[in-house]
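In my numbering, the protein residues as written are 22 to 113.
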């Protein structure tokens, strides 16, 4: 039993070292993420329309969820637009 515990601890430590080393390499190799502002705007409009329809159908809780999703995407969209406006432009 003691030998199994020692093996489990050793494997966990080895896996932990490997696991902590992986995000460093993947973070540097990851491409730069961009926002699709037009698509996000369409998603917001679709979710707001869905929320309005759900309100008319008498589903206030589902309407609140759809509206909350629309608000979250709208907030992320605004942050993307602001980041694009304030980002340093390349000087070529």
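Beta carbons are placed, not taken as given, at the ideal position from N, Cα and C, and that holds for glycine. For clarity, every value in this text was computed on a predicted model and none was experimentally measured.
Drop a sphere of 10 angstroms on the beta-carbon of residue i, count the other beta-carbons inside from all chains shown, and report buried for 16 or more, exposed for fewer.
{"i": "residue 87", "result": "buried"}
Pop quiz: residue i and residue j are said to be a contact at Cβ under 8 Å. What is the actual Cβ separation, rounded to whole angstroms?
{"i": "residue 94", "j": "residue 65", "result": "5 Å"}
{"i": "residue 90", "j": "residue 68", "result": "5 Å"}
Are the beta-carbon atoms of residue i and residue j separated by less than 9 Å?
{"i": "residue 72", "j": "residue 84", "result": "yes"}
{"i": "residue 61", "j": "residue 103", "result": "no"}
{"i": "residue 105", "j": "residue 56", "result": "yes"}
Could you pull out every residue in the same chain whose Cβ sits closer than 6 Å to the Cβ of residue i, ignoring the five residues on either side in sequence?
{"i": "residue 109", "result": "none"}
{"i": "residue 113", "result": "none"}
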